[in-house]
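S.K.: Here full-length UniProt numbering is used: the first residue of the sequence shown is 1, the next is one more, and so on. Positions of the beta carbon are idealized from the N, C-alpha and C atoms, including for glycine. The structure is given below, and queries will be raised subsequently.
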Amino acid sequence: MIQIQQPTREASTQQIDFAELYAQQYAPIYRYIAYRVRDPACADDLVAHTFERAMSRSETYRADRGSLGAWIFGIARHCVDSHFQRQRRQRWLSLDFIREHAADNADPIADTLRSETNQQLYQALHKLKAHERDVIALKFGAGLNNRQIAEITGHSESNVGVLLYRSLQRLRQWLPNRGYEQ
């Protein structure tokens with residue numbers, strides 16, 4: 001168990017139990033990152049980078065500014081944003097992507113329809129603003145509630161609800177009817 005003592009503003013010490021932090025936050029952080037990057041190998045790398053940065057920058061955590069969960073999600077969001085900035089400069093296809101889309105699938109029609117639907121969703125998501133995509137990823141990728149998202153993003157809880165509602169309404173408008181209308 002790795003514990004780091006760090007001073008808070010009141011000069012007392014606080015310990016971060018990274019084993020516990022990892023156990024509690026690994027799954028939601030992974031889901032959030034995987035939802036954003038859509039590549040399991042890349043998601044693994046970014047999750048590892050997130051926790052490595054958290055350990056190396058533990059002195060930046062201040063309990064009076066928010067929860068430990070919000071702090072590590074902030075690091076994860078920064079890692080994903082940095083990844084996309086680097087990716088804009090260098091485009092590539094992963095081997096996992098190529099294997100996943102190999103031509104020897106059992107049901108090529110179903111695979112084609114699923115791929116087309118995913119592509120349409122991906123294109124619609126990219127029409128949204130970056131902060132709207134981020135809130136959607138935190139909600140549906142990481143499975144967080146509006147209060148947790150508000151703490152991570154700095155928006156009010158009601159503002160998160162409004163952002164989600166409006167973003168989902170726009171997505172419904174942009175996507176062809178696939179039988180998921182209410």
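Candidates P176, I152, F140 and G154: which alpha carbon is nearest Y165's?
M.R.: F140
S.K.: Taking C-alpha atoms, which residue in Q24, F18 and R31 lies nearest to G143?
M.R.: R31
S.K.: Assuming D134 and R77 make a contact with CB atoms under 8 Å, what is their CB distance in whole Å?
M.R.: 7 Å
S.K.: I need the DSSP call for D39, collapsed to helix, strand or coil.
M.R.: coil
S.K.: Whole angstroms are fine: how far does the CA of H83 sit from the CA of P40?
M.R.: 14 Å
S.K.: In whole angstroms, what is the alpha-carbon distance linking E116 and R65?
M.R.: Taken atom to atom, the span from the alpha-carbon of E116 to that of R65 is near 43 Å.
S.K.: Identify whether H49 lies in helix, strand or coil by the three-state DSSP scheme.
M.R.: helix
S.K.: Between the Cα of residue 186 and the Cα atoms of R88, Q87, Y122 and Q148, which residue gives the shortest distance?
M.R.: As shown, the chain starts at 1 and ends at 182. That puts residue 186 outside it, with no answer to give.
S.K.: So for H78, helix, strand or coil by DSSP?
M.R.: helix
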